[in-house]
Amino acid sequence: MEKDKRGRLRKNSEFQRVFKTGKSYVHDLIVVYALQNGLPSSRVGFSVSKRLGHAVRRNRLKRLLREAYRSIEGRVREGVDLVVIPRWRANFASFVEIKDALQGLVKKAGLWRE
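Given below as structure tokens:
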């Protein structure tokens, strides 16, 4: 992911737009919402509920999700906003499992570039 964070969803209104009008794709570990954004690049945001644990656990999940996305972002088609939400089982998953789940959902959404 870019260090200047241009590829990130930041505002609540951006997240809400993706939640309300985007399409969702579900896996046991994560949920991905996707919506075309009309921009020349893709953006991603991560939403981790307090129900998933205390701050240390939530921050670990965010780090794993950011790294999983960073490892596949070159293969994600441009012009889409993604919101990635971990589910409870993600607390007990390895990085590889989370990365595979994210990659599978991106492919399921038809956003994977070969």
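All the letters of the sequence shown, read from the start, carry residue numbers 387 to 500 under this note's numbering. For glycine and all other residues, C-beta sits at the position ideal for the given N, C-alpha and C.
Going by alpha carbons, who is nearest to residue i out of the options?
i    : options                : result
G460 : E500, G408, I416, E400 : E500
V466 : V417, K397, W498       : W498
R463 : A487, H440, R396, K494 : K494
R456 : P472, K485, F401       : K485
R392 : Q422, G424, R429       : R429
L450 : L438, A476, R437       : A476
N423 : A441, S480, R394       : R394
Are there 16 or more other CB atoms within 10 angstroms of the CB of residue i, so buried, or fewer, so exposed?
i    : result
N445 : exposed
V412 : exposed
Let me know the secondary structure DSSP gives residue i once reduced to three states.
i    : result
L451 : helix
A420 : strand
G490 : helix
S410 : strand
Kindly give me the distance between the Cβ atoms of residue i and residue j, rounded to whole angstroms, as I take these residues to be in contact under 8 Å.
i    : j    : result
V434 : L447 : 5 Å
G431 : F401 : 6 Å
V469 : F405 : 7 Å
L488 : A454 : 5 Å
R473 : V417 : 7 Å
L425 : G408 : Between G408 and L425 the Cβ distance is about 15 Å, and since that is not below 8 Å, they are no contact.
Using a Cβ-Cβ cut-off of 8 Å, state whether residue i counts as contacting chain C.
i    : result
R443 : Of the protein chains in this structure there is only one, and it is not chain C.
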